[in-house]
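Residue numbers (UniProt numbering), protein chains in the order written: chain A, 1 to 336; chain B, 1 to 336.
There are 2 protein chains.
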Amino acid sequence: MPPPCSEDVVLSCLAQHFPLAHASLLLGRGDDAALLKAGRPLCVSSDLFLEDVHFRRSYFTPEEAGHKALAVNISDMAACGAQPFAFTLCLGLPPQTDMVWLDAFYSSMAELADKHGIALAGGDIAACERVHIAITIWGGISPSGVFLGRSGSVPGDCLFVIGTLGLARVGLRMLEAHGRSALRDWPCACAAHLRPTPQIDAGVMLARAGANARPPALMDISDGIARDLRRLLHADGAQYSQTAPQGPGAVIRLPERLLHSEVRRCAEDNKQDPVREALIGGEDYALLGSCAPDMLAALKTAVPGFTHIGEVTAEPGILCNDEPLEDLHGFDHFDF
Amino acid sequence: MPPPCSEDVVLSCLAQHFPLAHASLLLGRGDDAALLKAGRPLCVSSDLFLEDVHFRRSYFTPEEAGHKALAVNISDMAACGAQPFAFTLCLGLPPQTDMVWLDAFYSSMAELADKHGIALAGGDIAACERVHIAITIWGGISPSGVFLGRSGSVPGDCLFVIGTLGLARVGLRMLEAHGRSALRDWPCACAAHLRPTPQIDAGVMLARAGANARPPALMDISDGIARDLRRLLHADGAQYSQTAPQGPGAVIRLPERLLHSEVRRCAEDNKQDPVREALIGGEDYALLGSCAPDMLAALKTAVPGFTHIGEVTAEPGILCNDEPLEDLHGFDHFDF
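Below, the structure written as structure tokens:
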């Protein structure tokens with residue numbers, strides 16, 4: 001039987017997975033605060049990853065939960081063209097959590113952190129009814145690159161995505177309906193939901209491309225393109241306004257052949273429009289951006305998975321395959 | 001009737017309290033990550049503040065919850081001698097949260113942030129059964145100071161505290177037993193629990209004193225001096241070890257007259273030892289530290305509330321008022 005949880009046992013398990021010393025840190029964990037090496041502007045981002053909101057323990061292995069909690073934060077760095085180098089981890093754990101679960105969780109998170117050279121700089125733990133994870137991550141802009149914000153799209157710019165659309169949503173749906181047995185028939189969709197891959201290399205390439213030209217506007221798609229494309233187009237301050245936004249708008253084309261075969265198969269089985277499903281599907285952590293038309297050819301060649309999907313327009317509103325997108329909203333945490 | 005929660009309404013409420021532009025930020029919220037001005041090493045710290053673990057909505061006003069969530073993070077900066085300048089806020093909210101509650105919560109947090117010149121740099125929100133707060137905070141060391149870590153205590157050093165001991169514990173106890181009516185008979189104790197004051201000025205003064213001498217070791221007392229003094233003495237790596245620590249140890253003196261009158265009165269009412277209660281009382285966010293003996297007189301004069309309580313010894317173990325402290329453990333989140 002695995003040993004029970006205590007604060008010291010949890011911290012001791014953590015220490016086995018994440019080294020105290022790291023090239024990104026002047027002083028690591030164990031003090032009241034960590035001390036980062038920070039000679040230039042830093043990107044920072046914080047995200048929640050909550051049991052029964054963002055994941056379920058019934059079909060997430062601890063390895064997958066540990067991987068995804070960090071991966072979604074790394075994706076925010078990718079969406080800025082930044083290279084992540086440190087993070088903090090706040091972890092609420094049910095007191096009955098066993099050390100086997102915790103060890104697997106930390107182990108997988110540490111593996112992903114290692115792969116990207118990211119140090120754990122600190123955090124907090126507390127007893128909690130469900131597993132609650134809040135991660136803050138830091139990244140730096142590569143010397144040859146720029147920070148890629150969401151803002152800056154102008155009419156005439158080309159819109160692009162890097163990564164799959166709607167695949168994680170199919171995975172979520174199948175895992176909710178069938179648990180892990182869904183992995184047999186929907187392996188790619190389930191993997192997209194359980195173990196997303198942040199697009200760090202693509203982000204860094206786009207940041208480099210932006211150093212000698214007008215930089216692309218960029219974000220990651222966490223709530224579905226229907227919702228997130230509006231955020232990209234109106235990133236200059238209007239995205240939280242309660243009134244209908246003015247321009248710019250967009251015309252996009254999403255032919256069915258661009259969609260993953262599991263997205264098409266799922267829509268067919270359920271007599272749904274696969275394009276609509278792809279537009280409202282969040283959590284793929286694909287990148288969505290816009291760039292000047294004269295940058296398009298070079299990016300298509302340089303960035304694996306780069307897909308040109310449309311143009312920014314002066315007129316407000318979004319058309320997808322000639323249909324207005326007004327009735328599609330993507331994911332809202334407080335919609336019930 | 002207050003308006004219901006939606007993600008946009010929550011963000012719009014947040015925007016009313018925390019400005020997007022701030023001297024600490026090159027780029028503020030609304031993008032995938034914020035961009036900090038960071039020309040030198042940074043202190044970072046992350047803390048959880050969870051409903052029914054760290055606070056109860058039954059007797060915390062939203063103003064008090066907002067204040068305390070940020071204050072405990074500011075206290076971590078104080079414990080490093082750092083000046084906080086930015087934070088991120090991850091907020092899990094029950095969907096039925098009304099905007100009156102949220103507005104008061106943000107308002108009080110923004111007031112405390114303003115007082116210390118701290119920018120909100122980003123964060124996340126999600127629907128959650130209970131109010132779940134995770135804050136990450138950044139601080140810089142003042143040009144004339146040094147980072148004050150927990151480590152470095154050597155035998156012969158003087159031990160000191162700045163702030164009250166055990167007062168917040170009395171407040172917690174009374175609020176748990178009597179709700180807000182406890183404020184009438186235990187005003188200082190309740191205030192210590194509901195609205196702690198981080199000791200930023202004292203931390204900065206100690207950091208300055210450390211610039212031209214061996215710097216004091218410093219931490220804030222979050223789990224009680226019985227537990228936290230061990231962490232201070234063994235901060236050089238042994239604090240998470242499962243085996244009994246070797247030296248250094250300490251001899252401390254806590255005469256009853258040093259304790260707040262409400263701590264003494266509560267112990268008397270309950271036929272308890274007030275010193276023992278003060279030793280295991282956490283959450284006062286007092287500072288605990290050690291310094292070289294030749295620094296003592298200057299610090300006593302310069303730092304309001306500075307109280308000399310004992311000495312570091314070469315022998316392991318802690319004696320308080322000639323009694324060994326071995327059986328006192330302070331607060332552990334996973335002890336039940």
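Glycine is no exception: its CB is placed at the ideal position from the N, C-alpha and C atoms.
Span of the alpha helix (DSSP H), counted from its first residue to its last, around residue i
i	result
B:S290	Premise fails: B:S290 lies in the beta strand (DSSP E), 287 to 291, not in any alpha helix (DSSP H).
A:A182	182 to 185
B:F105	99 to 116
A:D269	261 to 269
A:T301	296 to 302
Three-state class that DSSP yields for residue i in the structure shown
i	result
A:E64	helix
B:V204	helix
B:G310	strand
A:A126	strand
A:A238	Since pLDDT at A:A238 reaches only 48, below the 50 mark, its modelled position is unreliable, and no value is offered.
A:F336	Low per-residue confidence applies at A:F336: pLDDT is 41, beneath 50, and the placement is therefore not dependable, though the value from the model is reported in the following sentence. Three-state result, A:F336: coil.
A:A213	coil
B:R179	First, the amino acid is wrong: residue 179 of chain B is Gly here, not Arg. Three-state result, B:G179: helix.
B:L120	strand
A:G171	helix
B:H22	coil
A:C13	helix
B:L233	helix
A:R195	coil
A:L165	coil
residue 337 of chain A	This structure cannot speak to residue 337 of chain A, because chain A is shown only from 1 to 336.
7 Å Cβ cut-off: residues of chain B touching residue i
i	result
A:L102	Residues of chain B passing the Cβ test: none, with the nearest at roughly 11 Å.
A:D76	D32, A33
A:A23	Correct list: empty, because the minimum Cβ distance to chain B is about 14 Å.
Under 8 Å by beta carbon: chain B residues contacting residue i
i	result
A:T88	V44, S45, S46, T136
A:K37	P41
residue 379 of chain A	Within the shown structure, residues of chain A are numbered from 1 to 336, placing residue 379 of chain A beyond reach of any answer.
A:A82	A33
Neighbourhood of residue i by C-beta distance below 8 Å, restricted to the same chain and skipping five residues each side
i	result
B:A21	G28
B:P94	A127, C128, E129, R130, V131
A:S58	G179
A:D157	A217, S290, C291, A292, P293, E311, V312
Per DSSP, the bridge partner or partners of residue i
i	result
B:P324	B:L319
A:D47	A:I135
A:C158	A:C291, A:E311
B:G152	B:G152 is not bridged to any residue.
B:F55	B:E51
A:A34	B:V44
A:G140	A:L42, A:Q83
Contacts around residue i, its chain only, beta-carbon distance under 7 Å, and the 5 residues preceding and following it disregarded
i	result
B:A278	L165, G166, L254, L259, V263
B:H67	S108, M109, L112, R195
B:K115	none
A:S144	R208, A211
A:D185	none
A:A182	M174, L175, C190
A:L229	A250, L288, I318
B:A69	F49, M109, I133, I135
A:D52	R130
Range of the contiguous beta strand (DSSP E) that encloses residue i
i	result
A:F87	82 to 93
A:I280	Premise fails: A:I280 lies in the alpha helix (DSSP H), 274 to 280, not in any beta strand (DSSP E).
A:A38	That residue, A:A38, is in no beta strand (DSSP E); it is neither H nor E in DSSP.
A:I252	249 to 252
A:A217	217 to 220
A:L25	25 to 27
Beta-carbon neighbours of residue i, restricted to chain A and to distances below 9 Å
i	result
B:C291	Chain A residues near B:C291: none, gap ~17 Å exceeds 9 Å.
B:F147	L26, L27, D31, A33, L35
B:A119	In chain order: nothing, as chain A lies at least about 11 Å away.
Within chain A, the residues that residue i reaches when beta carbons sit closer than 8 Å
i	result
B:D124	S46, D47, L48, A134
B:G92	L48, L50, V53, H132
B:M219	D31, D32
Proximal chain B residues relative to residue i, where beta-carbon distance stays under 9 Å
i	result
A:F60	Chain B residues near A:F60: none, gap ~16 Å exceeds 9 Å.
A:C266	Ordered by position in chain B, no residue passes the 9 Å Cβ test against A:C266, which lies about 26 Å from the chain.
Own chain residues within Cβ distance below 6 Å of residue i, not counting five before or after
i	result
B:G152	A217
A:A235	R150, S151
A:L172	H193
B:C266	V170
B:D124	C90
Closer than 7 Å at the beta carbon, the chain A residues around residue i
i	result
B:C128	L50, V53
B:F18	Within 7 Å Cβ-Cβ: nothing; B:F18 doesn't reach chain A, min ~12 Å.
B:C188	Within chain A, no residue comes near B:C188; the closest Cβ sits about 25 Å away, beyond 7 Å.
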